[in-house]
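*Asks:* Before I ask anything, let me first share the structure, which is written out below as structure tokens.
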Amino acid sequence: MEIILLERIEKLGQMGDTVRVKDGYARNFLLPQKKALLATSENKTRFETEKEALQRINDDKRGIAESAAKLLNGKDFILIRQAGDTMQLFGSVTARDISTSISETGVSVKRQQIKLDIPIKTLGLHNVSIVLHPEVIISVKINVARSKEEAEIQIKGGTVTSELENEKQNNIVDKEIFDNEQIAADAEEKLSDNQNLDQNENKINVNGAQEESISETDGAPSQTHDPK
1 MEIILLERIE
11 KLGQMGDTVR
21 VKDGYARNFL
31 LPQKKALLAT
41 SENKTRFETE
51 KEALQRINDD
61 KRGIAESAAK
71 LLNGKDFILI
81 RQAGDTMQLF
91 GSVTARDIST
101 SISETGVSVK
111 RQQIKLDIPI
121 KTLGLHNVSI
131 VLHPEVIISV
141 KINVARSKEE
151 AEIQIKGGTV
161 TSELENEKQN
171 NIVDKEIFDN
181 EQIAADAEEK
191 LSDNQNLDQN
201 ENKINVNGAQ
211 EESISETDGA
221 PSQTHDPK
């Protein structure tokens with residue numbers, strides 16, 4: 001189907017361009033949203049007549065979008081959600097959720113303006129594009145966390161560790177402590193054994209010396225005084 005664009009459409013063209021698109025795309029989206037006209041002779045004449053007025057309307061809308069862009073572009077928006085140990089959300093963050101969060105700042109953004117191919121299903125920072133106007137597209141950061149404290153860590157560039165990862169890390173640390181204690185215990189036991197061995201050797205040496213002394217005494221000839 002051939003149509004006349006009434007505004008800039010990404011990957012299609014600028015306002016006033018005549019392009020050919022699939023029938024379903026034109027009937028289900030472009031025509032109902034008043035983003036295009038059927039490229040009939042009558043509509044071509046109509047567009048040329050209204051072109052300047054349409055351009056002024058477009059400029060006004062772009063100006064409003066640019067003002068909103070200054071307030072939103074690059075901003076962080078925190079969404080608190082529950083999640084499991086694997087960082088997976090119990091549910092998801094949708095375009096509607098993001099729209100609601102942004103609109104709380106006083107800047108109205110429709111969910112249709114948020115470019116989110118699939119819902120967000122994990123914790124962390126997610127860059128999301130927002131089409132404020134066909135010629136004004138910005139990016140915001142969606143900070144999905146389990147608490148405000150966790151969100152602050154993510155904003156500062158820190159890594160959020162899951163409870164499972166914490167448990168694994170604790171197990172590693174415990175094992176290291178256990179191994180060190182075991183090494184210390186083994187060393188202490190070995191030292192004690194060496195001390196006991198030295199004591200036993202000393203006892204043997206002492207006893208041996210005593211036995212030798214007794215043996216020499218027994219073997220010596222007895223001296224008797226012969227009275228004169």
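Under the numbering used here, the first residue of the sequence shown carries the number 1, and numbering increases by one thereafter. Where a beta carbon is used, it is the ideal one built from N, C-alpha and C, also for glycine.
1. So is Ile57 buried or exposed if we call it buried at 16+ other beta carbons inside 10 Å?
2. For the segment 54-71 against the segment 124-136, do three or more pairs of beta-carbon atoms, one drawn from each stretch, fall closer than 8 Å, so that the two count as touching?
3. Pull up the distance between the alpha-carbon of Arg96 and that of Lys110, whole angstroms please.
4. Would you please state the rounded distance, in angstroms, between the beta carbons of Ile142 and Phe77? I believe it to be under 8 Å.
5. Please state the DSSP three-state secondary structure of Ser108.
6. Can you give me the Cβ contacts of Lys34 inside the same chain, cut-off strictly under 7 Å, excluding the 5 residues immediately before and after it?
7. Hey, how far is the Cα of Gly84 from the Cα of Gly74?
8. Is Val144 near Arg81, with beta carbons less than 7 Å apart?
9. Kindly indicate which three-state DSSP category Ala184 falls into: helix, strand or coil?
10. Might you give, ordered along the chain, the residues of its own chain that have their beta carbon closer than 8 Å to the beta carbon of Ile130, omitting 5 neighbours on each side?
*Replies:* Walking through what the data contain:
1. A residue is called buried when at least 16 other Cβ atoms come within 10 angstroms of its Cβ; Ile57 does not meet this threshold and is exposed.
2. Short answer: they touch.
3. If you take the alpha carbons of Arg96 and Lys110, they lie about 8 Å apart.
4. In this structure, Ile142 and Phe77 form a Cβ contact; the two beta carbons are roughly 6 Å apart against a cut-off of 8 Å.
5. Looking at Ser108 - three-state DSSP - the assignment turns out to be coil, as it is neither helix nor strand.
6. Excluding five sequence positions before and after Lys34, the CB atoms of its chain that fall closer than 7 Å to its own CB belong to Leu6, given in chain order.
7. In a straight line, the C-alpha of Gly84 is about 28 Å away from that of Gly74.
8. Yes.
9. The predicted model places Ala184 with a pLDDT of 49, which falls under 50 and marks its position as unreliable; any figure quoted below should be read in that light. Three-state result, Ala184: helix.
10. The answer, listed in chain order, is Leu72, Ile102, Val109, Gln113, Ile114, Lys115, Ile137, Ile138, Ser139 and Val140.
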